[in-house]
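Chains as they are written, first to last, in this note's numbering: chain A, 1 to 201; chain B, 1001 to 1201; chain C, 2001 to 2201. Even for Gly, the Cβ is constructed at its ideal location relative to N, Cα and C. This one's a predicted model, so the numbers in the text were calculated from it and none came from an experiment.
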Amino acid sequence: MIFKEILEILGTASFAISGALAALNKRLDVFGILILTFVTAIGGGTVRDVLIGHTPVAWMKDQTAIRTIFISYVLTLLFHRAFKKLPLTLNIFDAIGLGFATIVGLQRGLEAQLSPTICVTLGMVSGCFGGVVRDVLLNEIPLVFRKDIYASASLLGGLLFFLFSAWEMVAPLAATLSILAVVLLRLAVMRFGWRLPDVRG
Amino acid sequence: MIFKEILEILGTASFAISGALAALNKRLDVFGILILTFVTAIGGGTVRDVLIGHTPVAWMKDQTAIRTIFISYVLTLLFHRAFKKLPLTLNIFDAIGLGFATIVGLQRGLEAQLSPTICVTLGMVSGCFGGVVRDVLLNEIPLVFRKDIYASASLLGGLLFFLFSAWEMVAPLAATLSILAVVLLRLAVMRFGWRLPDVRG
Amino acid sequence: MIFKEILEILGTASFAISGALAALNKRLDVFGILILTFVTAIGGGTVRDVLIGHTPVAWMKDQTAIRTIFISYVLTLLFHRAFKKLPLTLNIFDAIGLGFATIVGLQRGLEAQLSPTICVTLGMVSGCFGGVVRDVLLNEIPLVFRKDIYASASLLGGLLFFLFSAWEMVAPLAATLSILAVVLLRLAVMRFGWRLPDVRG
């Protein structure tokens, strides 16, 4: 369905742009930026596919993803000043990407007949590990380990999907509501500055 | 056999705790600490399984490991001050974990009919790469590349296993003695501060 | 054919030596240097094989590569001062390694019936990710993202191979000419200090 595909493209694009902007900030050359853009956009799904043995990994057969990433790269090179002035827009796209990747990852786990705990974990891996790879390559402690509620928003989305399914909700509706919950939680987190506690040493 | 399972749980727990303590030191939030705990405990076996194509990787089907990791996480959050005062206990557990993971990794290599050199390498990967992933995610040069004899203790364990097997020792005995050798070497290293040389530039 | 094998050995050796020298500079111990030597030499091919599901990965069945890496390691420990005085020689070997790995990676993609875009990408992964893994483990932003034209030389090699094949050139000739182009481009880059632009922020 076309609506689903548009969401998926927006999600991929926002992950790609976050990689491109981070690489720009570190003054990589234009080709280094391209690699970071690519790796950030496909990293989570790639780690997921490798862990469950779903190879060749998904992006090798997904022309749409590759085109989306390349267009995001060109747009970021051209309009990075404008993008940096639109953090809210980018954050909404990123929240959509996180929610979408979470549910796609979880469903890959179900297809491989893995337990609910593992499916939820695969959702988090899909949603978060692109950013983890991006930060490791740029020599930073991954933002997702330190940031306002992010991996935990993905966790919530995964748990809700199983809750809704237990209520015998059909999968497309359960998926849509779970993604919506991730997006709303992320928006609330950004609006109100919620954080998880750290542990005093 | 129950004794083997207790050793395996102690090994997993000690890897998990080392991840949790390292994450605590870097002031990650509580969810970041959980991810580090998990990744440190399962990292070595995961890399091993991915390299030999043994997918879905082992922890996806191992409820015991997942529970052990989660309990280790909760215990570390509650008692991290006490744990830091018990370095010897933790180091003994860690040595058991290293020995155990070494032999499990090596046996996976044998099952995949790989050469002895590769089996010993897989033992080292299983024993050491959890710590490597932990340190890379926390933006450090992996301790195992700089530390007192650690990967080399795993190497010794792997070589001994093949030596004992060549003497026609049965596998469970060869495994037990090899693990014991790793533990004793690690304890001696910690007691006497042995180090491998570096190379003057 | 013997000529091909000599080139392959020179390429593996030069990747291995680059890992050993980088590890030496960071003052790892002798065993840490061995691991870095190994990981740098086999990293690109390993990531490629894992992504396409070609497991157990190639080096697990390739005695020649393992011996080449070990000999390179010993030679680097013994003669690292001399090696550092021969940057041109090492750079020529490295360019051969890059060209060779590019074409091998691309051909693995063709065997897996992947699209030309993906095959070229696999060529770059094979050629560059050994260095990426080396730099991540040594806690540096990968050189390949910042360096004078390197991943892009691999890209050129991959594109030329497909261009030559479209001209109905036989594969061995297309491969040889593509590798030659990578080597010549890398030599020109080093001679004239060409760089890709970065993007002003």
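{"Asked": "Three or more C-beta pairs below 8 Å linking the stretch 1020 to 1030 of chain B and the stretch 1074 to 1087 of chain B", "Found": "yes"}
{"Asked": "Environment of B:P1172 [buried if 16+ CB atoms lie within 10 Å]", "Found": "exposed"}
{"Asked": "Under 7 Å (Cβ pairs) to chain B, residues found in the stretch 137 to 154 of chain A", "Found": "N139, E140, I141, P142, F145, R146, A151, S152"}
{"Asked": "Distance between C:A2065 and B:N1025 (C-alpha atoms, nearest Å)", "Found": "40 Å"}
{"Asked": "Coarse secondary structure for C:D2094, derived from DSSP in three states", "Found": "helix"}
{"Asked": "Cα-Cα separation, A:G131 to A:G43", "Found": "8 Å"}
{"Asked": "C:R2186 at chain A interface by Cβ criterion, 8 Å", "Found": "no"}
{"Asked": "Identity of the residues DSSP links to B:F1029 by a beta bridge", "Found": "Inspection of the sequence shows that residue 1029 of chain B is occupied by Asp rather than by Phe. According to DSSP, which records beta bridges pairwise, B:D1029 is partnered with A:D198."}
{"Asked": "contact_flag[the stretch 6 to 13 of chain A, the stretch 84 to 103 of chain A] where n(CB pairs < 8 Å) is 3 or more", "Found": "yes"}
{"Asked": "CB of A:L134 within 8 Å of CB of B:D1029, strictly", "Found": "Here residue 134 of chain A is Arg; the residue named in the question, Leu, does not match the sequence. Going by C-beta atoms, A:R134 is not nearer than 8 Å to B:D1029."}
{"Asked": "CB contact flag (C:I2052, C:A2112, <8 Å)", "Found": "yes"}
{"Asked": "A:K147 in three-state terms, based on DSSP", "Found": "coil"}
{"Asked": "Nearest-angstrom Cα separation, counted from B:T1117 out to A:F15", "Found": "41 Å"}
{"Asked": "Cβ neighbour criterion (16 or more within 10 Å) applied to B:F1031", "Found": "buried"}
{"Asked": "Interface positions of the stretch 2040 to 2074 of chain C facing chain B (Cβ-Cβ less than 9 Å), listed along the chain", "Found": "T2046, D2049, V2050, G2053, H2054, T2055, P2056, V2057, W2059, M2060, K2061, Q2063, I2066"}
{"Asked": "The stretch 1148 to 1164 of chain B touching the stretch 1181 to 1188 of chain B, judged by at least three CB pairs closer than 8 Å", "Found": "yes"}
{"Asked": "Exposure of C:G2193, with buried meaning 16 or more beta-carbon neighbours within 10 Å", "Found": "exposed"}
{"Asked": "Within-8 Å CB hit, C:R2027 to chain B", "Found": "yes"}
{"Asked": "Rounded separation between B:H1054 and A:D198 - CA only", "Found": "36 Å"}
{"Asked": "Unbroken alpha helix (DSSP H) run spanning A:I69, endpoints", "Found": "63 to 84"}
{"Asked": "Complete runs of the alpha helix (DSSP H) confined to the stretch 2130 to 2192 of chain C [at least 4 residues]", "Found": "2151 to 2166, 2171 to 2192"}
{"Asked": "Environment of C:A2188 [buried if 16+ CB atoms lie within 10 Å]", "Found": "exposed"}
{"Asked": "Cβ neighbours of C:T2089 in the same chain (closer than 8 Å, five flanking residues each side left out)", "Found": "none"}
{"Asked": "Within-8 Å CB hit, C:V2030 to chain B", "Found": "yes"}
{"Asked": "Buried/exposed call for B:W1167, threshold 16 Cβ in 10 Å", "Found": "exposed"}
{"Asked": "7 Å Cβ shell around C:R2048 - same chain, five flanking residues per side excluded", "Found": "G2105, R2108, L2122, V2125, S2126"}
{"Asked": "Inter-residue Cα distance where the pair is C:V2136 and A:M169", "Found": "45 Å"}
{"Asked": "Integer-rounded CB distance, given that C:I2069 should sit under 8 Å from C:F2038", "Found": "5 Å"}
{"Asked": "Residues, ordered as in the chain, of the stretch 96 to 127 of chain A that lie near chain B by beta-carbon distance below 7 Å", "Found": "A112, L114, T117, I118"}
{"Asked": "Helix, strand or coil at A:A252 [DSSP, three-state]", "Found": "There is no way to answer for residue 252 of chain A, as the model of chain A reaches only from 1 to 201."}
{"Asked": "Environment of A:L186 [buried if 16+ CB atoms lie within 10 Å]", "Found": "Before going further, note that residue 186 of chain A is Arg rather than Leu in the sequence given. With 16 or more other Cβ atoms within 10 Å, it is buried."}
{"Asked": "8 Å Cβ cutoff met for B:F1162 and B:L1177", "Found": "no"}
{"Asked": "Cβ-Cβ separation, B:V1050 to A:V50 (assumed contact under 8 Å), whole Å", "Found": "6 Å"}
{"Asked": "Same chain, Cβ closer than 7 Å to C:I2103, five either side skipped, listed in chain order", "Found": "G2123, G2157, F2161, A2175, S2178, I2179"}
{"Asked": "Three-state secondary structure (DSSP) of C:V2039", "Found": "helix"}
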